[in-house]
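For reference, the structure is listed below as structure tokens.
2 protein chains.
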Amino acid sequence: MTDNKKQTIVALDAEGVILPEIWIAVAEATGIAELTRTTRDEPDYDILMKSRLAILDKHGITIDKIQAVIAELTPLDGAKAFLDELRSITQLVILSDTFEQFAQPLVKQLDWPTIFCHQLHIEGKRIADYQLRIADPKRKAVKAFQSLNYTVIAAGDSYNDTTMLEAADTGFLFRAPANVQQEFEHLPHYESYSDLLSAIKENI
Amino acid sequence: MTDNKKQTIVALDAEGVILPEIWIAVAEATGIAELTRTTRDEPDYDILMKSRLAILDKHGITIDKIQAVIAELTPLDGAKAFLDELRSITQLVILSDTFEQFAQPLVKQLDWPTIFCHQLHIEGKRIADYQLRIADPKRKAVKAFQSLNYTVIAAGDSYNDTTMLEAADTGFLFRAPANVQQEFEHLPHYESYSDLLSAIKENI
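Sequences listed follow chains A and B, in order. Residue numbers for the first sequence follow this note's numbering, so the first one is 1 and each next one is one higher. Residue numbers for the second sequence follow this note's numbering, so the first one is 1001 and each next one is one higher.
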């Protein structure tokens, strides 16, 4: 056999990269200001999530209602065309810390790319609880793909992406806030899908 | 957190399950009878593949020509609707022993589900060689998904699927030949997409 490149898979963050920030969009769409709190306001994720679910309960927002709200959202401008081209040249898995039930109405608009994320526990139509699939899921997925002899190219925008970006064979920041760019200045940073796509193509 | 089910991913074989047998279809479409030889005729896969590539060379069939032939093929009847529904309810990765460049024109017709397979080495437009990504790729992919805390449901039709089916949390045969059904009679066997989909839904 000739000495050729390994096969490639792209691991892509969802919110901020191809999808809007779902909780913030839901807060805006429902007019429930309390839902705009994030881990910047409440660093304990479990406390934050429990309070979010209590807020949903208080306002009678069941899973069908929140999915209807999310179905009115759209992927970020240009994300669909970016993913269509990306999926025509390499493999793609979305790695996200959102929940399958929240992602579903948005992922549908992108023609169902595979997404590894977490899940909500639904009782009837009530969102009873949430369940994280695994700790440090993005980095572990990258390592799993590498164990299958894939070269992994990863892109994300946030702190929760950086273990994935560091574990990947190539890691890119995309539309990251200034503090993340500064702290991870060794990672190339892109603002446009065309620049990110070009950088990915150079590494395939 | 409530004690709830784990998240699920479906691992699906391609040829014979959602796609036609690509080499046989190419042999028929090109009229090159020698290409109909399979591992049943030549059990040494490397000898078989080398002879296939030599036949392509002899007939001047470059990668663009073979992709044009494959683009005229279609997924199996009903496969697109089956995958569309499957992708709306769980995650899906196709696990195949074909090559990315052969799968591409067919996977496009299915809206780019993620596929883990092998690759061809292309020099100019000539298919110079092939490269298996890893040994026992299907079983290893199933184990990798399980290591990410997924429950894996797998379905396939051939001997090369059986290590994947045995490693999965749930394994199904789909349109398997009689000898495979007999040897693996502990695996449920389905002939229709609706029956397979029902069985998958019962395990999600």
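Cβ atoms here follow ideal geometry from the backbone N, Cα and C, with glycine treated the same way. No experiment lies behind these values; they were computed from the predicted model shown.
Item: Distance cutoff 7 Å, beta carbons only. Does N1203/B sit that close to anything in chain A?; Value: no
Item: Quick one: what's got a C-beta closer than 8 Å to I9/A's C-beta in the same chain, skipping five residues either side?; Value: T90, Q91, L92, V93, F145, Y150, T151, V152 and I153
Item: Apart from the five residues on each side of it in sequence, which residues of its chain come closer than 8 Å, Cβ to Cβ, to S1143/B?; Value: One point to set straight first is that residue 1143/B is Lys, not Ser, in the sequence displayed. A1167, listed in sequence order.
Item: Which same chain residues end up closer than 6 Å to K1125/B when comparing Cβ atoms and leaving out the 5 residues on each side of it in sequence?; Value: T1062, I1063 and D1064
Item: Taking the alpha-carbon positions, what's the P1177/B to S1158/B distance?; Value: 8 Å
Item: Interface residues of chain A around T1114/B at Cβ under 9 Å?; Value: I9, R87, Q91, L92, V93, P113 and T114
Item: Looking at the secondary structure, which residues open and close the alpha helix (DSSP H) in which T98/A lies?; Value: Unbroken run through T98/A is the beta strand (DSSP E), Q91 to F99; no alpha helix (DSSP H).
Item: Alpha carbon to alpha carbon, what distance is there between L1012/B and L1197/B?; Value: 12 Å
Item: Look up F1102/B in the DSSP assignment and say whether it is helix, strand or coil.; Value: helix
Item: Compute the Euclidean distance between the alpha carbons of I70/A and P105/A, then round it to the nearest angstrom.; Value: 6 Å
Item: Output the distance between the C-alpha atoms of G60/A and I32/A, rounded to the nearest integer angstrom.; Value: 12 Å
Item: With DSSP as the reference, please indicate the residues paired to I122/A in a beta bridge.; Value: I127/A
Item: Could you name the residues of the same chain whose beta carbon sits closer than 6 Å to that of E21/A, not counting the 5 residues immediately before and after it, in chain order?; Value: E15
Item: For S96/A, decide whether its Cβ has a neighbour in chain B, counting only Cβ atoms nearer than 7 Å.; Value: no
Item: Strictly under 7 Å for the Cβ-Cβ distance: is I47/A near chain B by that measure?; Value: no
Item: Flag M1001/B as yes if its beta-carbon sits less than 7 Å from any beta-carbon of chain A, otherwise no.; Value: Residue placement at M1001/B cannot be trusted, given a pLDDT of 38 that sits under 50; the coordinates are not used to answer.
Item: Considering Cα atoms alone, identify which of N1160/B, S1147/B, V1180/B and K1050/B is closest to D1169/B.; Value: S1147/B
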